[in-house]
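I have placed the structure first, in the form of structure tokens, so that the comments after it can refer back to it.
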Amino acid sequence: MIRRALIAPLIAGGLAALLLAGCGQKAAAPKSATPPVLTFSILSAENQQSMAPLWQPMLDDMQKETGLKVKPFFASNYSSLIEAMRFNQVQLGWFSALPALEATRRADAEVLGRVVDLGGEGVYQSVLIARKGSGVTLDKVLACGKKYSFGLGDVKSTSGTLAPMAYLFTPKSIEPADCFKTVRSASHQANLFAVANGTVDVATGNTVGMVFAKRDNPAIADKVEVIWTSPPLPESSIVARKDLDPAVKEKLRSFFLTYGTKPGPDGDRQREVLKKLTYGGFRPADNSYLDPVREMEASTELAEARKSRDAGRIAKAQKAYDAVKAEIAARAAANPGA
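Heads up: the sequence shown begins at -2 in my numbering, then just goes up one per residue.
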């Protein structure tokens, strides 16, 4: 009885739809997922108390210039931000490269633009830090022997986990859990304080976080030193859900790409907002901006597969890596000036 009660309306609805289609009526277009208030996510490389005052002036400007209502959303880890976007609790946000890539895969998202630093560069670097005067060097770290405690970043952090694994540990067949006395995962800021205070011997971070530390916590920053620096990584980007109203998306894209470019007092004020974020502004970008991260990810997975000596796993990882490389090469050939 229950099944019949549920099925009957569905059948009736289906017949009605067929009758309408037969009369030349077009099916209704899917509704946009744009809510009356947009939620902008800010990733958790630093804590909310330090990041909220830096971002709020830009969000206020966003509301004023686009006419859209916008509120911030902070989370304690990257996974929460991706899940929030996946379930449309968040519609756009500032993501570092690896979480941005996962958002495009799992949260129906796309890149609207990318960040450039104060010098106009669109890259930053991962670092390993140790306490000054501790005697910890990169050679000693790579010697392993479970001598040191180690702080990784969030598991989905580009500079805190993916880059040091892809560029430092995996090529040397080093597994942190087997190498270090203890391994913990925390934000860049938490790792910086832990190393400065001597509770962790060595930890990951990034060049942007070091700039923030020198500006906001110089006494803490002076207690640490960089012992390793990665190759350049793609800077963070602005990511939005694909199903936002196209007109809304274009308003947002235009806002970011023109922010801080105006002449006069208003432009000066916006440039000061960017400066406090250590940004020089935003530039056009799409999902291909994340290609270096895809390649890093595929390279790491291939190296891990080779370590396993599992022929099937190696073949699968090699195929995935080759596919990523081929796709990137084809895109570069099609857009030589990009």
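Quick reminder that beta carbons are idealized off the backbone N, C-alpha and C, glycines included.
Leaving out five residues on either side along the sequence, give the residues of the same chain with a beta carbon under 6 Å from the beta carbon of residue 339. Any question about residue 339 goes unanswered here, given that the chain covers just -2 to 335.
Along the chain, where does the alpha helix (DSSP H) containing residue 211 start, and where does it finish? Note, residue 211: alpha helix (DSSP H), 204 to 213.
Expected contact under 8 Å - CB spacing of residue 48 and residue 124 to nearest Å: About 20 Å; that fails the 8 Å criterion.
Under the three-state reduction of DSSP, which class applies to residue 230: helix, strand or coil? Looking at residue 230 - three-state DSSP - the assignment turns out to be strand.
Taking its Cβ as the centre, do 16 or more other Cβ atoms sit within 10 Å of residue 38, making it buried, or is it exposed? That one is buried.
Are there 16 or more other CB atoms within 10 angstroms of the CB of residue 4, so buried, or fewer, so exposed? Any reading at residue 4 needs caution, since the residue's pLDDT is 34, under 50, leaving its predicted position unreliable; the model's value is listed next. Burial call: exposed.
Between which residues of its own chain and residue 163 is the CB-CB distance below 7 Å, once the five residues before and five after are set aside? Counting only Cβ-Cβ distances below 7 Å, and skipping sequence neighbours, we find 293, 296, 297.
What are the complete beta strand (DSSP E) segments, minimum 3 residues, inside the stretch 128 to 215? Taken in chain order, the unbroken stretches of beta strand (DSSP E) that lie wholly in the stretch 128 to 215 and span 3 residues or more are 146 to 149, 179 to 182, 199 to 203.
Would DSSP call residue 320 helix, strand or coil? Residue state, collapsed to three classes: helix.
With contact counted as at least three CB pairs below 8 Å, one residue from each stretch, are the stretch 276 to 291 and the stretch 113 to 120 in contact? At 8 Å Cβ cutoff, the stretches touch.
Within 10 angstroms of its Cβ, does residue 361 collect 16 or more other Cβ (buried), or is it exposed? The structure shown has nothing for residue 361, since the chain only spans -2 to 335.
Taking the alpha carbon of residue 72 as the point to measure from, which residue in 262, 151, 227, 56 has its own alpha carbon closest? Measuring from the Cα of residue 72, the nearest candidate turns out to be 151.
Any idea which residues DSSP pairs residue 83 with across the strands? DSSP links residue 83 through a beta bridge to no other residue.
Give the DSSP-derived three-state secondary structure of residue 5 in the structure shown. Because residue 5 sits at a pLDDT of 35, beneath the cut-off of 50, its placement in the model cannot be relied upon, and the following sentence gives the value as read from the coordinates. DSSP places residue 5 in helix when its eight states are reduced to three.
Length at least 3, wholly inside the stretch 254 to 329: the beta strand (DSSP E) runs in chain order: At a cut-off of 3 residues, the continuous stretches assigned as beta strand (DSSP E) that sit fully inside the stretch 254 to 329 are 276 to 281.
Nearest CA to the CA of residue 185: which residue from 85, 32, 40? Looking at the Cα atoms, 40 is the closest of the given residues.
Helix, strand or coil at residue 77 [DSSP, three-state]: Helix, per DSSP.
Using C-beta distances below 8 Å, list every residue in its chain close to residue 304, excluding the 5 sequence neighbours before and after it, in chain order. 170, listed in sequence order.
Assumed close pair residue 59, residue 238 - CB separation to whole angstroms, cut-off 8 Å: The pair is not a contact, with the Cβ atoms about 16 Å apart (cut-off 8 Å).
How many angstroms separate the CA atom of residue 183 from the CA atom of residue 148? If you take the alpha carbons of residue 183 and residue 148, they lie about 7 Å apart.
Using a Cβ-Cβ cut-off of 6 Å (strictly less than) and excluding sequence neighbours within five positions of residue 87, which residues of its own chain qualify? If we look at residue 87 and ignore the five residues flanking it on each side, its Cβ neighbours are 36, 38, 70, 81.
Using 8 Å as the threshold, is the C-beta distance between residue 286 and residue 233 below it? Their beta carbons are not under 8 Å apart, which means residue 286 does not touch residue 233 by this criterion.
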